Each structure stands twice: as structure tokens, then as C-alpha cells.
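Q: Oh and the sequence shown: position 77 is 161 in the working numbering, straight run, nothing missing.
Glycine included, C-beta positions come from ideal geometry on N, C-alpha and C.
Remember, it's a predicted structure, so these values are computed and weren't measured experimentally.
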Amino acid sequence: MKRSVILVLAFLFATVVYSQDEKSLLKLGLTGGFGGYSYENLSDINEAVINQLPFDAAVIDNFPDRFYFGGVALIRIANWYWAGPSYQFHSTGSRVGAKDYSGSYHFDQILSAHQLGLENEIRISKTMKPAIFLDISGGVNFPTWKTEEVLEISGETNEDRSEYVAVKPFVLPAFKVSYPVYKNFSVTAQAGYLFDLGGKYHLSGNKDYQSTLKIPWSGYRFSLGLEYNVIW
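1) Which residues in the same chain as N130 place their Cβ atom closer than 8 Å to its Cβ, once the five residues preceding and following it in sequence are excluded?
2) Quick check on A132: does DSSP put it in helix, strand or coil?
3) Hey, out of F173, L110, S262, whose CA is closest to N225's CA?
4) Beta carbon of Y165, beta carbon of I206: below 8 Å?
5) Evaluate L126 with the Cβ neighbour count: other Cβ atoms within 10 Å of its Cβ, from every protein chain shown; 16 or more gives buried, anything less gives exposed.
6) Tell me which same chain residues have a C-beta within less than 7 Å of the C-beta of A197, skipping the five on either side of it?
7) Going along the chain, which residues of its own chain have a beta-carbon closer than 8 Å to the beta-carbon of P148, five neighbours each way excluded?
8) Can you tell me the Cα-Cα spacing of G223 and L235, whole angstroms?
9) Pull up the DSSP beta-bridge partners for Y165, would you.
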């Protein structure tokens, strides 16, 4: 008897969840997660810098996985399909450094990207709880690659800075899970992989001066989020 009651309640709750999702005409979401980045070419630059220095230096940071954040607004096109604009901000970097009684030295590479895309969300579960979606996003990254080299000896400082920018298209397939928690709010979890589709870096303010280095933003993306379902 107890088992039958539990099964009925579970079925009713799943039906309510699906019904609420089905009536949702707009989803507004905030996300935060971790991205994986692999920059072998830029790591090679760090090694080249270390090898040419007349003193000992070491890599302190080497493009670690970093927290990113973003937002999305999805409009229901069909009962099983939502689409809308999305935004994310990503950053990572590296540092070569040295310090002793005579002074200090550092060589930084700082990478950041504003990611604008169109997110397509396809529900692949019907009455299951939580809701499961196939999420396919495509768009453009607007990354910046900055370098900063500073040598300070006996109070005197020498500096060298440069900044490169690019326009880089991408596609990001992912799986997404959504679970209702309170009234119209749901928590989400998403896992996918971003494929960088190319695009060259050029000196900021001078498109004729291009870098030959390939600096892709390809890598895994894991995120958690909070969505508000607008129902009317």
C-alpha cells in the first residue's frame, strides 16, 4: 500500500513538473562553472622566456582551469524546444616570475573572452524528473590576449606590454539537467565541450599586424545554474 502511494505521488509530481515546464514561455538563467583550456603554444613562449633570461625564473601559473559566469534568456518555440541569446565571460593566464634582494621580474600572459551565442535547448525526456535536454550553442568569442613584462632592479623599472584581439566562432554541444526547487525556480547542471572554429589574433588597433600563433578556446565546460520560468 505504501509503495503504491509513493508511486502515485511520484507520478503526479513528475506530471506537474512536466506541465510547468510545458507552460514556461520564457526561461531566464544565471550560470557559473569551470572551463578547461589548453595553450601549449603559449606555454612554449613561457619556456622560451625562461631560457633567454640571465637569471633563474620559474612558471608560477600556467593557464589553470578557471571559474566563468554568464546568463541566458530562452524563449519557447515548441513544447520541446527553446532558443535564445547567451553570454559568458572566461579568463585564464600564466606568470613567469623571479625575485631576490636586487629586484623582481615577471612575464604575464592574460587571456579573457566575451562569449556571445545562440543557445538551442531540445528536451529529450518527456515525463522524467529531472528534465533532460540536449543543448547546442553556437556563436562568437571576442578574446583578448595581453602580455606584460616588467623588470625592476634597484628602483628602476623597465616595462613592455602588448595586446592582441580576435573574433573566433565556436560551437558548444552539451547535456543539461533541470530540477525544480521552489515555485518557478529550477537548478540546472550542464556538461559539454566547446569547439573553437578558428580566427586569427591581431594587434589591438592594427589589423594588419597578425599573430601566427593559434590560441584556441576549445575545452570542457561544466556549470551549475539557477533558472526562473516565466509562465503565463
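A: For this structure:
1) When the five nearest sequence neighbours on each side are left out, the beta carbons in the same chain lying within less than 8 Å of the beta carbon of N130 are those of V143, N146, S178, V180, F191, Q193, in order along the chain.
2) Residue state, collapsed to three classes: helix.
3) Per the Cα distances, F173.
4) Against a cut-off of 8 Å, the Cβ pair of I206 and Y165 comes out as a contact.
5) So L126 ends up on the buried side.
6) Closer than 7 Å at Cβ, skipping near neighbours: H174, N225, F226, P227, W301.
7) The residues T176, in chain order, have a CB closer than 8 Å to that of P148 in the same chain once the five nearest residues on each side in sequence are set aside.
8) When rounded, the distance between both Cα atoms is 40 Å.
9) Y165 has A162, I206 as its beta-bridge partners, per DSSP.
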